[in-house]
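Asks: The structure is given below, and queries will be raised subsequently.
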């Protein structure tokens with residue numbers, strides 16, 4: 006018998022509808038937690054980083070950290086995978102990467118400074134997220 010390590014199984018194929026469903030669920034969670042100026046950006050055909058990006062603001066570093074923690078919990082619940090989370094010590098700008106959906110959470114003045122909307126948002130690719 007060979008002592009070669011076994012290979013990991015490739016990830017299950019996920020449809021764009023399933024990815025959109027996760028993005029919508031994360032938007033709903035952020036709305037429930039009182040995130041402000043929530044935008045969902047469709048990145049399909051624009052970037053290989055992800056299919057969707059969510060941009061939102063929290064009122065303070067503490068609020069941003071709470072939003073990020075809840076989003077990370079929701080991702081784990083929805084996908085079974087733990088997302089990559091960056092920026093939690095300061096919580097000025099927290100990035101949560103699920104692989105298919107990237108979530109950017111900012112304090113308002115930091116969001117204004119970096120202005121990701123200017124880079125990524127066109128009239129056709131984004132909409133203000135609101136509870137349905």
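Residue numbers (the numbering used here): 6 to 137.
Virtual Cβ for every residue (Gly too), placed ideally from N, Cα, C.
Source: prediction; values computed, not measured.
Mapping the DSSP letters down to three states, classify residue 31 as helix, strand or coil.
Replies: Counted from its first residue, the chain shown places residue 31 at position 26. Here residue 31 sits in helix by DSSP.
Asks: What residue from 85, 82, 33, 78 has the CA that sits closest to residue 2's CA?
Replies: Since the first residue shown for the chain is 6 and the last is 137, residue 2 is missing from the structure and cannot be characterised.
Asks: Of the choices 114, 57, 50, whose alpha-carbon is the least far from that of residue 24?
Replies: For the purposes of this step, residue 24 is identified with residue 19 of the chain shown, where counting begins at 1. Measuring from the Cα of residue 24, the nearest candidate turns out to be 57.
Asks: Given 8 Å as the limit, is there contact between the stretch 85-94 and the stretch 52-67, that is, 3 or more CB pairs closer than that?
Replies: no
Asks: Which residues in the same chain as residue 49 place their Cβ atom closer than 6 Å to its Cβ, once the five residues preceding and following it in sequence are excluded?
Replies: As a position in the chain shown, residue 49 is number 44, starting the count at 1. Result list for residue 49: 56, in chain order.
Asks: Are the Cβ atoms of residue 27 and residue 103 separated by less than 8 Å?
Replies: For the purposes of this step, residue 27 is taken as the residue at position 22 of the chain shown. For the purposes of this step, residue 103 is taken as the residue at position 98 of the chain shown. Yes, the Cβ-Cβ distance between residue 27 and residue 103 is below 8 Å.
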